[in-house]
Amino acid sequence: SPVPRRAQPRPGAAETGTLGLSGCRSSPESPFSSPETPRLIAQRSSFLILCQKLYRKQNAMYTFLPENFTPVKQKPSKELRPMLGAILLGIILFIAAVVAWCYYTMSLRKAERLKTELMDLRADGFVIRNQHGEVVFRLAFRSGTLDLESCSKEGEILSCTRSSGGPLNFFIQTVKPKDTVMCYRVRWEELAAGLAVEHTMFWEDAHWYGGSEMSTQHWPIRLAGYQEPVPYVTSDVYSFRDSFGGILERYWLSSKAAAIKINDSVPFHLGFNATERALFFQARYKDSPYKPPLGQQPFPELSYRVCVGSDVTSIHKYMVRRYFNKPSKIPAENAFRYPIWSTWALYKNNIDQDKLLRFAEKIKKYHFNCSHIEIDDMYTQTYGDFDFDPVKFPNVSEMFAKLREDGFKVTLWTHPFINYNSSNFGVGIERQLFIKEPSGRLPAMVEWWNGIGAILDFTNPAARDWFQSHLRQLRHKYGISSFKFDAGETSYLPKQFSTFRPLSDPSIWSRRY
Numbered sequence: 005s006p007v008p009r010r011a012q013p014r015p016g017a018a019e020t021g022t023l024g025l026s027g028c029r030s031s032p033e034s035p036f037s038s039p040e041t042p043r044l045i046a047q048r049s050s051f052l053i054l055c056q057k058l059y060r061k062q063n064a065m066y067t068f069l070p071e072n073f074t075p076v077k078q079k080p081s082k083e084l085r086p087m088l089g090a091i092l093l094g095i096i097l098f099i100a101a102v103v104a105w106c107y108y109t110m111s112l113r114k115a116e117r118l119k120t121e122l123m124d125l126r127a128d129g130f131v132i133r134n135q136h137g138e139v140v141f142r143l144a145f146r147s148g149t150l151d152l153e154s155c156s157k158e159g160e161i162l163s164c165t166r167s168s169g170g171p172l173n174f175f176i177q178t179v180k181p182k183d184t185v186m187c188y189r190v191r192w193e194e195l196a197a198g199l200a201v202e203h204t205m206f207w208e209d210a211h212w213y214g215g216s217e218m219s220t221q222h223w224p225i226r227l228a229g230y231q232e233p234v235p236y237v238t239s240d241v242y243s244f245r246d247s248f249g250g251i252l253e254r255y256w257l258s259s260k261a262a263a264i265k266i267n268d269s270v271p272f273h274l275g276f277n278a279t280e281r282a283l284f285f286q287a288r289y290k291d292s293p294y295k296p297p298l299g300q301q302p303f304p305e306l307s308y309r310v311c312v313g314s315d316v317t318s319i320h321k322y323m324v325r326r327y328f329n330k331p332s333k334i335p336a337e338n339a340f341r342y343p344i345w346s347t348w349a350l351y352k353n354n355i356d357q358d359k360l361l362r363f364a365e366k367i368k369k370y371h372f373n374c375s376h377i378e379i380d381d382m383y384t385q386t387y388g389d390f391d392f393d394p395v396k397f398p399n400v401s402e403m404f405a406k407l408r409e410d411g412f413k414v415t416l417w418t419h420p421f422i423n424y425n426s427s428n429f430g431v432g433i434e435r436q437l438f439i440k441e442p443s444g445r446l447p448a449m450v451e452w453w454n455g456i457g458a459i460l461d462f463t464n465p466a467a468r469d470w471f472q473s474h475l476r477q478l479r480h481k482y483g484i485s486s487f488k489f490d491a492g493e494t495s496y497l498p499k500q501f502s503t504f505r506p507l508s509d510p511s512i513w514s515r516r517y
């Protein structure tokens, strides 16, 4: 008989239109046990081939249609669904735990990179604590913040390569020179010209000492108002009251046993904010008197060393030995103990031999203490001469003999200017002893409080030796004890000039003087 369009279900099975593998075997009761006709044999062969394919699919079930067979996966039983859900949830929780652990581990590694000894580095600055955990130094990055993802630590050096402003060179190196002192070398260098690097140091509740001479000097430092960073160079505070004085160091010391020294190579500008109790440390070349070293790009660099110790004495001793030279000789004790009597206080620049001797006589008559008597302004004919005006001082040797007899030591006023009407002006031009214009051909003329003149270039060894030889001659000739070096601040230099040796910092000229 013809093959039915739908196979008969196996005993006990619902009529679902599917055929189990048990239906693929012959049985006495099957239709194929009847006498076989050619047509039935062909049909049975096709049926057996179909059963073999179904067997290879094992547990797969098929929709049995003559022209189309589509596999259908069995659905899991209702009893397995809770178990599969629990397994899936467990896998998700395991993955989440692994991710959390990796993040925690990376956070720990990052924290280790941002902490070095007693310093904690953050994106916007750092703090330093002492051995007792007290914050003794706090500094903020004012011109940008660090990208902490660019930071790494190798040995004692923690370095970063990016900031909010772009690429940079930044590092902090830990140095422990002795058991009672811990130091940190800090360097922030921008990699583009025209920028400025600025950090803010907070003095908070500590007392701070150091810095520069000021027109109104407070000890400890006491500042009022607000000042944007200005070039940290020498100036005449008598004429420029808000400027820094003729003596200045890039060094500050705290009552909390912390100290900071700005490197001499930095194009350093200093400002302050009394309300925030903060100093602004800035490095820049743009619109400043500083010049980059020859052959180098004008990339600003702010570098310094911060040291902390167990007490103020030990940290100050270390910093002085590390950065400053000690006096080569012991100064005269009387110069500290007794006053210096200056002719300027009484006579200004209107002095002569008779006035000087009467001045000394009155000091002796009234038994005033005296370390030195100072011969101040205008004892020469012109500014730029070295010896005494023979009209005002007709017998200089006799005058000095009288002063020595009365127990007076004499100090003599001097300055770095050679006025155009001095006989030494031509000597200076011939020997090229003066600071020159940027072209390097002509002397740079300046106007100072006593006229117009040229300035000796103390970066030139020839100018230094020439100046010193005249002072030594006066000392040996008259027995002069000391000299008062007036002027010499950078405020008397022209805005544009050239020197024998290029000056990255104009205050170097003041120190040479």
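Following this note's numbering, the numbering of the sequence shown begins with 5 at its first residue and continues without gaps. We treat Cβ as the ideally placed atom computed from N, Cα and C, and that holds for glycine.
Neighbourhood of residue i by C-beta, 7 Å cutoff - its chain only, sequence neighbours within 5 removed
i      : result
Phe244 : Ser495
Ser443 : none
Lys406 : Leu361
Phe489 : Thr418 and Tyr517
Arg515 : none
Thr347 : Ile355, Leu360, Phe363, Glu378, Ile379 and Asp380
Gly148 : Ser167, Ser168 and Gly169
Ala219 : Position check: residue 219 holds Ser in this sequence, whereas Ala was assumed. Result list for Ser219: Val241 and Arg245, in chain order.
Glu493 : Thr238, Ser239, Asp240, Gly250 and Ser514
Tyr351 : Lys359
Ala466 : Arg435 and Leu437
Beta-carbon proximity of residue i to residue j, cut-off 8 Å
i      : j      : result
Arg309 : Phe206 : no
Val185 : Gly313 : yes
Pro271 : Ala287 : yes
His320 : Leu252 : no
Gly483 : Arg435 : no
Tyr424 : Ile459 : no
Phe487 : Thr415 : yes
Asp315 : Lys368 : no
Pro296 : Ser508 : yes
Tyr230 : Asn267 : no
Leu478 : Phe390 : yes
Pro304 : Val201 : yes
Pro398 : Gln357 : yes
Phe248 : Ser216 : yes
Phe421 : Trp470 : no
Tyr342 : Cys374 : yes
Ser485 : His371 : no
Coil, strand or helix - residue i by DSSP
i      : result
Arg505 : coil
Ala400 : The question names Ala, but residue 400 is Val in the sequence shown. Reduced to three states, the DSSP call for Val400 is helix.
Asp389 : strand
Arg189 : strand
Asn63  : Model confidence at Asn63 stands at a pLDDT of 47, short of 50, so the residue's coordinates are unreliable; what they give is reported in the following sentence. If DSSP states are grouped into helix, strand and coil, Asn63 belongs with coil.
Arg288 : coil
Gln357 : helix
Asn329 : coil
Asn338 : helix
Gly159 : coil
Pro86  : helix
Lys265 : strand
Glu253 : strand
Ile484 : coil
Lys369 : helix
Arg226 : coil
Leu195 : coil
Bridge partner(s) assigned by DSSP for residue i
i      : result
Val131 : Asp124 and Arg142
Lys119 : Asp124
Phe206 : Arg142 and Ala282
Ser525 : This structure cannot settle anything about residue 525, because the visible part of the chain is limited to 5 through 517.
His376 : Ile344
Arg245 : DSSP, once it has assigned bridges, lists no residue as partnering Arg245.
Gly275 : Phe284
Gln526 : In the structure as shown, the chain begins at 5 and stops at 517. Residue 526 is therefore absent and cannot be evaluated.
Ile176 : Leu162 and Val190
Gly411 : Bridge partners of Gly411: none, in fact.
Spatial neighbours of residue i in its chain, beta-carbon cut-off 8 Å, leaving aside the 5 residues before and after
i      : result
Lys440 : Leu446, Pro447, Ala448, Asp461, Phe501, Ser502 and Thr503
Gln333 : Residue identity differs from the one stated: residue 333 is Lys in this sequence, not Gln. So the list is empty, once near-sequence residues are dropped.
Close beta carbons around residue i, own chain, < 6 Å, minus the five adjacent residues each side
i      : result
Arg191 : Phe175 and Ser307
Ala282 : Thr204 and Phe206
Arg133 : Leu122 and Val139
Leu152 : Ala127
Leu227 : Phe276 and Ala278
Ala263 : Leu257, Cys311, Ile319 and Met323
The ligand GDP heavy atom lying under 7 Å from the CB of residue i
i      : result
Asn354 : The ligand GDP is not among the ligands present in this structure, which contains no ligands whatsoever.
For the segment 415 to 479, list the beta strand (DSSP E) runs that are entirely contained and at least 3 residues long, ordered along the chain.
421 to 423, 450 to 452 and 455 to 459
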